[in-house]
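Structure first, commentary second.
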Amino acid sequence: MQYINGEFIPSQSGKSFRNISPFTNNMINEVAEGGSAEINAAVAAAKEAFDNGPWGKMKVAERLDYIRKIADIIDAHADEIAYLEAVDTGLPISQTKKQAARASQNFRFYAETVSTRMAGEAYQVDNEFLNYTIHKPIGVAGLITPWNAPFMLETWKIAPALATGNTVVLKPAELSPLSAGRLAEIIHEAELPNGVFNVVHGFGETAGAALVAHPDAKLISFTGETVTGSEIMKNGADQLKRYSMELGGKSPIIVFDDADFDRALDAAVWGIFSFNGERCTANSRLLVQETIKDKFVAALKERIGNIIIGDPLDQQTEVGPLISAEHYEKVKSYIKIAAEEGADVISADIPADLSKGNYVAPTLLLNVTNGMRVAQEEIFGPVMAVISFKDETEAIALANDVTYGLAGYVWTKDLQRGHRVAQAVDSGMLWINSQNVRDLRIPFGGSKHSGIGREGGHYAFEFYTETQVIHVALGDHHIPQFGKKE
Ligand code: NAD
2 MQYINGEFIP SQSGKSFRNI SPFTNNMINE VAEGGSAEIN AAVAAAKEAF
52 DNGPWGKMKV AERLDYIRKI ADIIDAHADE IAYLEAVDTG LPISQTKKQA
102 ARASQNFRFY AETVSTRMAG EAYQVDNEFL NYTIHKPIGV AGLITPWNAP
152 FMLETWKIAP ALATGNTVVL KPAELSPLSA GRLAEIIHEA ELPNGVFNVV
202 HGFGETAGAA LVAHPDAKLI SFTGETVTGS EIMKNGADQL KRYSMELGGK
252 SPIIVFDDAD FDRALDAAVW GIFSFNGERC TANSRLLVQE TIKDKFVAAL
302 KERIGNIIIG DPLDQQTEVG PLISAEHYEK VKSYIKIAAE EGADVISADI
352 PADLSKGNYV APTLLLNVTN GMRVAQEEIF GPVMAVISFK DETEAIALAN
402 DVTYGLAGYV WTKDLQRGHR VAQAVDSGML WINSQNVRDL RIPFGGSKHS
452 GIGREGGHYA FEFYTETQVI HVALGDHHIP QFGKKE
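Per the numbering used here, the very first residue in the sequence shown carries number 2; after that it's consecutive.
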């Protein structure tokens, strides 16, 4: 069902699409398919709610109470959300549980941060002027999200968009629609005024494109593939859309020979094989110093042989099936390309009873050189390319020799080198001696082909609000008097 203007409704066309289980490849449910008619209705409802509804007129504290209420309802249904997400995406349930918890934190964080940190600046210019800035919501926010970690990624956009006073039309990924449907029910239960939040299910080329093209959707926050981001920017160019782009990655983990070997190993394994490798910040390139390469690779081989591949609903499962048969084929094709390019492919075994699912075993690509496609292109699966380096200079050069620049990880006990390398790597985010953990106050985003702009923390205010400057004259300052006769 679509959620438009506070109502759950079928599509005007009566069309629907099949949502397929990654675990069985059988149908989970049918989803009403929205297109431009539903987008038009949703944007009109959101515009009306923004222009004339109570959302923009109520006190900020009252608005933020709604945001907290959404968080409370998510928490009350966290197990169910984690279950839906695991069924829909194939992500192991132990990992979707953490994502459900993070989703409610996104709402709580922005309820708090809007009230305490959404502040302008004021400058007194001698005794002549006072200049100050205020943040104003922009209007209808169009949010377009991917299928990996859908609930968490949706909420990290919805929370700041709503908390800052905008109204929202969400177009979730067609491959994982369940949790967005549940989120509409949750927000309905929180009794937000009609039209403030809307969900239109449908395909990118139709529903997504209609949202981008709609003149009343004033901003588009997009997370997805780099090529899609580029297409969206072209399609919205005539209207000078405001964009936030969170795109793909090919992030390096650089392990020096003085690193804490065991912790670097844990981080490398988790960073590529968690979330089935379908993770934008995955360390899909391991750059390991040649002095420890053999030992590190031997330890990696042992680890991948022990990783528990299984049913996403099993608490013990560490790696589940990929989102779709099509994506499975794409990831498998890269493993084939790696072999053709001359890499050695080392894969774990997949249990025989999992043959119906889209399982790709954790895979290492050895003897990779940075020019190979598997070192340059985003595979978005449980596949890590291993490249060795001689020294710091070479490590930095290899790290930067890609079009992407989302994340990076450096492991060394040399404090100065850690900072030096971190600052030399061209990525939006870099972790030193750490796996990918992020405090919500810190911005998130990529450089190069991995994104434009930053989300998260107070950086979200730059995107979801218009900064207006008010110039006030405090007295009778000089004004040139053109045309005045003496
Ligand atoms: P995708 O680009 O195929 O789809 C993302 C969304 O865009 C979907 O909702 C889709 O329907 C919609 N879409 C597709 N074509 C469109 C068009 N022409 N106009 C408007 N909307 C359109 O991405 P995906 O396969 O769902 O997600 C995986 C990708 O997302 C990977 O590249 C991954 O790295 C990236 N990602 C990035 C981040 C980040 O924060 N940088 C986070 C998660 C995922």
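All residues carry an ideal CB built from backbone N, CA and C; glycine is no exception.
Look at Leu431: its beta carbon is at least 7 Å from all of the heavy atoms in the ligand NAD. Straight across, the Cα-Cα distance linking Lys302 with Leu366 is about 11 Å. Three or more Cβ pairs drawn from the region 466 to 485 and the region 130 to 142 lie within less than 8 Å of each other, which places the two stretches in contact.
Residue Tyr67 holds the alpha-carbon nearest to the alpha-carbon of Glu192 among Ser37, Tyr67, Gln125 and Ala214. For the alpha helix (DSSP H) assignment, the uninterrupted runs of no fewer than 4 residues enclosed by the region 47 to 130 are, from N- to C-terminal side, 61 to 77, 79 to 90 and 94 to 118. With a beta-carbon spacing of about 7 Å, Glu175 and Gly203 fall inside the 8 Å limit used to define contacts. Taking a cut-off of 8 Å on C-beta distances, the region 26 to 38 does not touch the region 288 to 307, as fewer than three cross pairs fall below it. By the Cβ-count criterion, Ile324 is buried, with 16 or more other Cβ atoms from all chains shown falling within 10 Å of its own Cβ. For Pro161, the uninterrupted alpha helix (DSSP H) segment begins and ends at Pro151 to Ala164. Taking the Cα positions, Lys414 is about 21 Å away from Ser252.
Ranked by how close their Cα comes to the Cα of Ala461, the residues Tyr244, Ile255, Phe390 and Val346 have Tyr244 in first place.
Counted as a single uninterrupted DSSP element, the stretch harbouring Gly143 is not any alpha helix (DSSP H) but the beta strand (DSSP E) occupying residues Val141 to Ile145. Considering only Ala344, Pro383, Ala268 and Gly382, the residue with the shortest C-alpha distance to Val438 is Ala268. Per the DSSP secondary-structure output, Ser222 pairs in a beta bridge with Leu144 and Ser245.
In the three-state reduction of the DSSP assignment, Arg442 falls in the coil class. The continuous stretches of alpha helix (DSSP H) do not include Met385, which lies in the beta strand (DSSP E) extending over residues Val384 to Phe390.
CA-to-CA, the gap between Asn20 and Asn199 works out to about 20 Å. Your pair Ile351 and Ile310 checks out as a contact, with CB atoms roughly 6 Å apart and the cut at 8 Å. Judged by their CB atoms, Thr318 and Val346 are not nearer to each other than the 8 Å cut-off. In this structure, Ser105 lies near Asp76, with their beta-carbon atoms less than 8 Å apart. Annotation for Ser428: no beta strand (DSSP E) segment contains it, and DSSP assigns it neither H nor E. Around the beta carbon of Pro178, 16 or more other beta carbons sit within 10 angstroms, so the residue counts as buried. Ile305 carries a helical assignment under DSSP once its states are collapsed to helix, strand and coil. Around Arg374, the same chain offers Ile338 as residues with beta carbons nearer than 6 Å, after the five sequence neighbours per side are excluded.
Put simply, the backbone Cα of Ser334 is about 33 Å away from that of Thr394. Relative to the ligand NAD, even the nearest heavy atom lies 7 Å or more away from the CB of Ser275. In the three-state scheme derived from DSSP, where H, G and I count as helix and E and B as strand, Ile351 is classed as coil. Cβ neighbours of Glu31 within its own chain (closer than 8 Å, five residues either side excluded): Ser17, Phe18, Arg19 and Asn20.
Taking non-hydrogen atoms of the ligand NAD into account, the C-beta of Asn128 is found less than 7 Å away from none of them.
DSSP places Ser180 inside the alpha helix (DSSP H), whose first and last residues are Leu179 to Glu190.
In this structure Asp440 is exposed. Its beta-carbon is surrounded by fewer than 16 other beta-carbon atoms within 10 angstroms. Scanning its chain for C-beta atoms nearer than 6 Å, with the 5 sequence neighbours on each side dropped, one finds around Asn107 the residues Thr156, Trp157 and Ala160, in chain order.
The residues Gln316, in chain order, have a CB closer than 6 Å to that of Ser95 in the same chain once the five nearest residues on each side in sequence are set aside. When distances are taken from the beta-carbon of Ser451 to the heavy atoms of the ligand NAD, the shortest one is below 7 Å.
About 4 Å separates the beta carbons of Lys98 and Ala83, which is inside the 8 Å limit, making them a contact pair. Pairing Leu212 with Lys172 gives a Cβ-Cβ distance under 8 Å.
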